[in-house]
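Protein chains in written order, with my numbering: chain A, 350 to 681; chain B, 350 to 681.
Number of protein chains: 2
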Amino acid sequence: MRHVAALAGVGIKTVSRVMNDEPGVSEATRQRVLQASQQLNYQLDMAAGSLRRSGRQTLSIGLLLPSVANPFSSEIHRALEDTLSERGIAVFAASLDDDPEREKALVAAFLGRRVDGMVLTPIARSQAYVIPEHSRDLPMVFIDREPVGIEADAVVTDNAAGAARAAAHLLGHGHTRLAYFGDTPDIQTARERRRGFLEQLGQAGIPTSTVSVREGLRDVESARLAALAVLASDEPPTAIFSSQNLVTFGVMRALKEMGASRRVALVGFDDFALADMMDPGITVIAQHPERIGKLAAERLLARIDGDDGAPRTYVVPSELIVRGSGELPPSY
Amino acid sequence: MRHVAALAGVGIKTVSRVMNDEPGVSEATRQRVLQASQQLNYQLDMAAGSLRRSGRQTLSIGLLLPSVANPFSSEIHRALEDTLSERGIAVFAASLDDDPEREKALVAAFLGRRVDGMVLTPIARSQAYVIPEHSRDLPMVFIDREPVGIEADAVVTDNAAGAARAAAHLLGHGHTRLAYFGDTPDIQTARERRRGFLEQLGQAGIPTSTVSVREGLRDVESARLAALAVLASDEPPTAIFSSQNLVTFGVMRALKEMGASRRVALVGFDDFALADMMDPGITVIAQHPERIGKLAAERLLARIDGDDGAPRTYVVPSELIVRGSGELPPSY
DNA sequence: ATATTTCGTGACAACGTTGTCTCATCGTTA
DNA sequence: TAACGATGAGACAACGTTGTCACGAAATAT
Numbered sequence: 350m351r352h353v354a355a356l357a358g359v360g361i362k363t364v365s366r367v368m369n370d371e372p373g374v375s376e377a378t379r380q381r382v383l384q385a386s387q388q389l390n391y392q393l394d395m396a397a398g399s400l401r402r403s404g405r406q407t408l409s410i411g412l413l414l415p416s417v418a419n420p421f422s423s424e425i426h427r428a429l430e431d432t433l434s435e436r437g438i439a440v441f442a443a444s445l446d447d448d449p450e451r452e453k454a455l456v457a458a459f460l461g462r463r464v465d466g467m468v469l470t471p472i473a474r475s476q477a478y479v480i481p482e483h484s485r486d487l488p489m490v491f492i493d494r495e496p497v498g499i500e501a502d503a504v505v506t507d508n509a510a511g512a513a514r515a516a517a518h519l520l521g522h523g524h525t526r527l528a529y530f531g532d533t534p535d536i537q538t539a540r541e542r543r544r545g546f547l548e549q550l551g552q553a554g555i556p557t558s559t560v561s562v563r564e565g566l567r568d569v570e571s572a573r574l575a576a577l578a579v580l581a582s583d584e585p586p587t588a589i590f591s592s593q594n595l596v597t598f599g600v601m602r603a604l605k606e607m608g609a610s611r612r613v614a615l616v617g618f619d620d621f622a623l624a625d626m627m628d629p630g631i632t633v634i635a636q637h638p639e640r641i642g643k644l645a646a647e648r649l650l651a652r653i654d655g656d657d658g659a660p661r662t663y664v665v666p667s668e669l670i671v672r673g674s675g676e677l678p679p680s681y
Numbered sequence: 350m351r352h353v354a355a356l357a358g359v360g361i362k363t364v365s366r367v368m369n370d371e372p373g374v375s376e377a378t379r380q381r382v383l384q385a386s387q388q389l390n391y392q393l394d395m396a397a398g399s400l401r402r403s404g405r406q407t408l409s410i411g412l413l414l415p416s417v418a419n420p421f422s423s424e425i426h427r428a429l430e431d432t433l434s435e436r437g438i439a440v441f442a443a444s445l446d447d448d449p450e451r452e453k454a455l456v457a458a459f460l461g462r463r464v465d466g467m468v469l470t471p472i473a474r475s476q477a478y479v480i481p482e483h484s485r486d487l488p489m490v491f492i493d494r495e496p497v498g499i500e501a502d503a504v505v506t507d508n509a510a511g512a513a514r515a516a517a518h519l520l521g522h523g524h525t526r527l528a529y530f531g532d533t534p535d536i537q538t539a540r541e542r543r544r545g546f547l548e549q550l551g552q553a554g555i556p557t558s559t560v561s562v563r564e565g566l567r568d569v570e571s572a573r574l575a576a577l578a579v580l581a582s583d584e585p586p587t588a589i590f591s592s593q594n595l596v597t598f599g600v601m602r603a604l605k606e607m608g609a610s611r612r613v614a615l616v617g618f619d620d621f622a623l624a625d626m627m628d629p630g631i632t633v634i635a636q637h638p639e640r641i642g643k644l645a646a647e648r649l650l651a652r653i654d655g656d657d658g659a660p661r662t663y664v665v666p667s668e669l670i671v672r673g674s675g676e677l678p679p680s681y
């Protein structure tokens, strides 16, 4: 900036004014400064600016996802970016990989970079470790899962309600022998989905004890093996609910291997590309990552802008998408 | 930092030394400072640090992708992150949406945040606009497409060779009436894939004029319509090569609608989830986004570390994955 | 004509760090 | 015992900005 000022023959404060479009500079000097800055290819240093500037915003936020490569996560990421970029806010994105230590380290990395806010998918047992920052007025919005040990905004899917809808849908098609295939119950969303599913069955008079419940399925292969085992049992279920994308894929593979794709009904939680191209098409409870991302961004901006209402959890409704696999009749 | 110094009863420089693990502090003071910093929940401000620190690294880089939600892009993103996070480098990610103006704006946003380097997927006609920054020693690595109007490192897939392999594969299964479905030739990768495909056919004595070439297909629907039209023509192709994911999806839909999935061979460029679950499985030329991302990160780090060798383009080989659709025999 | 306001501009301190230099203390060596 | 080097610690300037204030000149009001 000094160099630009020297070249234009003005003081540095005048350069600062021009670069920030502040008033109080004559058109003539403005032009001279502008030309000098272009000649020197000069650009403001945001970091130095926010150091001094009151309020000290860096126009950047931190985003913590299970993995930036996870389709569900990256849809959220995209929606966030779209909303935030309108305000010129840049996004630091990072992947957690189910590692609570990483969660803490990455949060620390964001804090050291003085982000204006954070959007987090919590995985550690508790998020109490960020209480100091949060109460020190660092806006935080949790997504997908509600935080534990701290009061903060959260944006989540109606996991239990969605799973209940899946149960009701299968019951409506006459199924009474059902199976639940789920992720590890350590994860809040998985617990909620299981609860919603089983409670709905309970209301229909189907005791939980007659439902095949398989949990702790974290990848396609474990889900596939679990499904093969359950389907080969004495009284196999006539319908399956899978609580997560990878689990759904595993079940699909197992059904295909056994030639049972058109015999056993399937409803999966989470939509995925090409679900309608399968044979039969896969009926799912679709989440709306773009809405989650947008809402999270809006909440974060509101907090950044000073909203100090009580923290709230926002629930984004899921949606049943009928494609065939969930409408198969029971076959004994 | 002042407060920590005051609380610990030391000078601020001593606090700085402790926080940066610099030597020359007695264990006793070190402990006192550490305790004070924990009590005040103090954390170093990286921005302020890099302002003064020589070399002035911010430990952050900018990443420009077609869209963070695009699976291919987000795989690259992930691989980059993994390599860079080992060095404590954070990643600003942003989406371009095929908008050259956005490309420039986002690059400017990164520059204003004084990133240590950038990884870019170029879309503007020319990247000459970054020459000043690049020659001012800002490391840049281009991915997926080579830059125009500037000499810089690039990491790309062997598009022409991969497409040629697809052509050879289809020829090897006896096809002579082929079709090429591609994205807009404005995109370098699309041009390369077309060239590789057609040249390979040419070498086998199949004149380009007998190949149905449909281009400018940017989404599933346009590809579907194009495929329906071509397949309904007098002498429909017995095999199709689609140059990109969305185009492949469109062609798959058209084939399914016409009940031609098992009659017309198909090889797609780009692998995708569940390709093996289709009926038949879809044979593809798979790219390796994780390798591209890793290599790009390594090159960027090398440049950041001062490597000033001549810019090079690194080519990551693609791979033919056989799944059924590409091995169907011609049916007249 | 003078007093007052407005306008354009720059000097200077401050933001939170780190690099450089200096200084006091202490233990070692001649 | 005197000279010396090593060690721990702090004072101060500087990084590139912006907030505050002050100042002179021009425009306006009295």
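We put the beta carbon where it would ideally sit given N, CA and C, even for glycine.
Proximal chain B residues relative to A/V440, where beta-carbon distance stays under 9 Å: One-based indexing of the first sequence puts residue 440 of chain A at position 91. Ordered by position in chain B, the residues that pass the 9 Å Cβ test against A/V440 are V417, F441, A442 and A443.
Starting from the beta carbon of A/K643, find every residue of chain B whose beta carbon is closer than 9 Å, and list them in chain order. Against the first sequence, residue 643 of chain A aligns to sequence position 294. Residues of chain B passing the Cβ test: none, with the nearest at roughly 13 Å.
Taking A/R563 as part of the beta strand (DSSP E), name the residues at either end of that continuous run. For the purposes of this step, residue 563 of chain A is identified with residue 214 of the first sequence, where counting begins at 1. Start and end: S561 to R563.
Cα-Cα separation between B/L393 and B/M350, rounded to whole angstroms: As a first step, residue 393 of chain B must be located in the second sequence, where it is residue number 44. As a first step, residue 350 of chain B must be located in the second sequence, where it is residue number 1. Roughly 8 Å separates the two Cα atoms.
Could you list which residues in chain A have their beta carbon closer than 8 Å to that of B/R427, in chain order? Counting from one through the second sequence, the residue named residue 427 of chain B turns up at place 78. Those are S416, V417, A418 and S444, listed as they occur along chain A.
Check whether B/S582 and B/F530 have beta carbons under 8 Å apart: Counted from its first residue, the second sequence places residue 582 of chain B at position 233. Counted from its first residue, the second sequence places residue 530 of chain B at position 181. Going by C-beta atoms, B/S582 is not nearer than 8 Å to B/F530.
Cutoff 8 Å: B/E424 Cβ touching any chain A Cβ: Sequence index remark: in the second sequence, residue 424 of chain B carries index 75 (1-based). So yes, B/E424 belongs to the interface.
Quick one, which of A/V664, A/V367, A/G675 and A/K643 has its alpha-carbon nearest A/D431's? What you label residue 431 of chain A is simply residue 82 of the first sequence in a count that begins at 1. Considering only alpha carbons, the answer is A/K643.
Beta-bridge partners of A/S444, as assigned by DSSP: Here residue 444 of chain A refers to the residue found at position 95 when the first sequence is read from its first residue. Paired residues: A/L414.
Restricting to Cα atoms, I'd like to know which of B/L412, B/G373, B/P420 and B/P586 is closest to B/A646. Residue 646 of chain B sits at position 297 when you count from the first residue of the second sequence. Answer by Cα proximity: B/L412.
Counting only Cβ pairs nearer than 9 Å, list the residues of chain A close to B/D493. Along the second sequence, read from residue 1 onward, the residue named residue 493 of chain B stands at position 144. What B/D493 touches in chain A: nothing, since even the nearest Cβ is about 16 Å away.
Decide yes or no for the touch test of the region 374-387 of chain B against the region 375-384 of chain A: beta carbon pairs closer than 8 Å, at least 3 of them. no
Give me the residue from A/A575, A/V456 and A/L527 with the minimum Cα distance to A/M467. As a working mapping, residue 467 of chain A is identified with position 118 in the first sequence. Comparing Cα positions, the closest option is A/V456.
For chain B, is any of its Cβ atoms less than 8 Å away from the one on A/R544? The residue you call residue 544 of chain A lines up with position 195 of the first sequence. So, not an interface residue.
Close beta carbons around B/L429, own chain, < 7 Å, minus the five adjacent residues each side: Within the second sequence, the letter at position 80 stands for residue 429 of chain B. Excluding positions up to five away in sequence, the list reads L412, V440, V468, G642, A645 and A646.
Whole-angstrom distance between B/A473 and B/E676, CA atom to CA atom: Numbered from its first residue, the second sequence carries residue 676 of chain B at position 327. Numbered from its first residue, the second sequence carries residue 473 of chain B at position 124. About 38 Å.
Status (buried if at least 16 other CB within 10 Å, exposed otherwise) for A/G617: For the purposes of this step, residue 617 of chain A is identified with residue 268 of the first sequence, where counting begins at 1. Per the 10 Å Cβ criterion, buried.
What residue from B/A575, B/D620, B/L520 and B/R540 has the CA that sits closest to B/Q552's CA? Mapped onto the second sequence, residue 552 of chain B falls at position 203. That would be B/L520, whose Cα lies nearest to the Cα of B/Q552.
Range covered by the alpha helix (DSSP H) that runs through A/T378: Translated into the one-based positions of the first sequence, residue 378 of chain A becomes position 29. Segment E376 to Q388, the alpha helix (DSSP H) holding A/T378.
When you compare only the Cα positions, how much space is there between B/A539 and B/S409? Within the second sequence, numbered from 1, the residue matching residue 539 of chain B stands at position 190. Within the second sequence, numbered from 1, the residue matching residue 409 of chain B stands at position 60. Each residue's Cα considered, the two are about 32 Å apart.
Count the CB pairs spanning the region 480-487 of chain B and the region 435-454 of chain B that are closer than 8 Å, and state whether there are at least three. no
Determine, for A/E430, whether the minimum Cβ-Cβ distance to residues of chain B falls below 8 Å. Translated into the one-based positions of the first sequence, residue 430 of chain A becomes position 81. A/E430 counts as touching chain B.
So for A/G373, helix, strand or coil by DSSP? Taking the first residue of the first sequence as 1, we reach residue 373 of chain A at position 24. DSSP places A/G373 in coil when its eight states are reduced to three.
Distance check for A/M626 and B/K605, CA to CA, integer angstroms please. Walking along the second sequence from the start, residue 605 of chain B turns up at place 256. Walking along the first sequence from the start, residue 626 of chain A turns up at place 277. Distance between the alpha carbons of B/K605 and A/M626: 9 Å.
Rounded to the nearest angstrom, how far is the Cβ of B/I670 from that of B/D620, given a contact under 8 Å? Translated into the one-based positions of the second sequence, residue 670 of chain B becomes position 321. Translated into the one-based positions of the second sequence, residue 620 of chain B becomes position 271. Indeed, because the Cβ distance is near 6 Å, the residues count as touching under 8 Å.
Checking contacts by CB at 8 Å: is A/N741 closer than that to chain B? Any property of residue 741 of chain A remains undetermined from this structure, which presents chain A solely from 350 to 681.
A/T587 and A/P679 closer than 8 Å at C-beta: As a first step, residue 587 of chain A must be located in the first sequence, where it is residue number 238. As a first step, residue 679 of chain A must be located in the first sequence, where it is residue number 330. A contact, by the Cβ cut-off of 8 Å.
When B/Y681, B/A528 and B/T533 are compared against B/P555, the one with the closest alpha-carbon: The residue labelled residue 555 of chain B in the question sits at position 206 within the second sequence. Correcting the residue identity first, residue 555 of chain B is Ile in this sequence and not Pro. Ranking the options by Cα distance to B/I555, first place goes to B/A528.
State yes or no: is the beta carbon of A/S475 nearer than 8 Å to at least one beta carbon in chain B? Position 126 of the first sequence holds residue 475 of chain A. Chain B contact via Cβ: absent.
Would B/A396 count as contacting chain A if we go by Cβ distances under 8 Å? Along the second sequence, read from residue 1 onward, the residue named residue 396 of chain B stands at position 47. Yes - at least one Cβ of chain A is within 8 Å of the one on B/A396.
If you measure between the beta carbons of A/D507 and A/T470, is that distance less than 8 Å? Within the first sequence, the letter at position 158 stands for residue 507 of chain A. Within the first sequence, the letter at position 121 stands for residue 470 of chain A. No.
Just to make sure I have the definition right: I need the residues of chain B whose C-beta is within less than 9 Å of the C-beta of A/R612. Which are they? Taking the first sequence and counting its residues from 1, one reaches residue 612 of chain A at position 263. Neighbours of A/R612 on chain B: none; closest Cβ ~17 Å, over 9 Å.
Residues in the region 479-503 of chain B with C-beta within 7 Å of chain A's C-beta atoms, listed in sequence order? P481
Determine the direct distance from the alpha carbon of B/M368 to that of B/P362, and round the result to whole angstroms. As a working note, residue 362 of chain B is residue 13 in the second sequence. As a working note, residue 368 of chain B is residue 19 in the second sequence. For the record, residue 362 of chain B in the displayed sequence is Lys; it is not Pro. Going from the Cα of B/K362 to the Cα of B/M368 covers about 10 Å.
In chain order, what residues of the same chain lie with their CB nearer than 6 Å to the CB of A/S561, ignoring the 5 residues before and after it? Translated into the one-based positions of the first sequence, residue 561 of chain A becomes position 212. A528, V579 and P586.
In chain order, which continuous runs of the alpha helix (DSSP H) of length 4 or greater are located wholly inside the region 432-500 of chain B? 449-461 and 480-484
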